[in-house]
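In the numbering used here, the protein residues as written are 4 to 157.
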């Protein structure tokens, strides 16, 4: 039992070292510092989002970034008939995953995102509402990185 506890202690020490490295890397990156002003986005999340997006100027519009993340609805058209479906899931899997994780935290800490989430949840359910909230967070991230300004929901 004591050997297992010592192994757990060593693993916890390694985790603390890695956490310190992540915080230092995030503090050296201005864009990551900007992203941490959004409730629900930590240093790790900010670095992952920044790494997946890269230079935000390569996306001419927010719609291109949403499509890159795979958070846009699928559209099937035939003649005049148009059917909108679930998200396409084509694009960066890691970016989509981290945004949904951050959205789950953000709805507990940010009134603006919580109100948005609750309004959609009443009509469509949790899963669709959380994906819509993640998409809204991505739009905020797009404009924050373009304009180099901190998160301001108003």
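The beta-carbon is built from N, C-alpha and C at its ideal position, and this holds for glycine as well.
Query	Result
Where residue 155 and residue 121 are concerned, what is the direct C-alpha to C-alpha distance, given to the nearest angstrom?	20 Å
Can you tell me which of 67, 75, 98 and 140 puts its alpha carbon nearest to the alpha carbon of residue 113?	140
Can you grab the Cα-Cα spacing for the pair residue 101 / residue 108, in whole Å?	11 Å
Can you give the Cα-Cα distance for residue 132 and residue 124, rounded to whole angstroms?	5 Å
Of all the options 89, 78, 97 and 157, which has the alpha carbon lying nearest to the alpha carbon of residue 135?	89
Could you compute how far the alpha carbon of residue 45 sits from the alpha carbon of residue 77?	30 Å
Along the chain, where does the beta strand (DSSP E) containing residue 78 start, and where does it finish?	76-81
Rounded to the nearest angstrom, how far is the Cβ of residue 43 from that of residue 106, given a contact under 8 Å?	7 Å
Using alpha carbons as the reference points, say which of 144, 32, 119 and 48 lies closest to residue 66.	144
Nearest to residue 28 by alpha carbon, out of 6, 51 and 94?	51
Using DSSP bridges, identify the partner residues of residue 87.	78
Below 7 Å CB to CB, which residues in the same chain sit around residue 4 once its five sequence neighbours on both sides are set aside?	none
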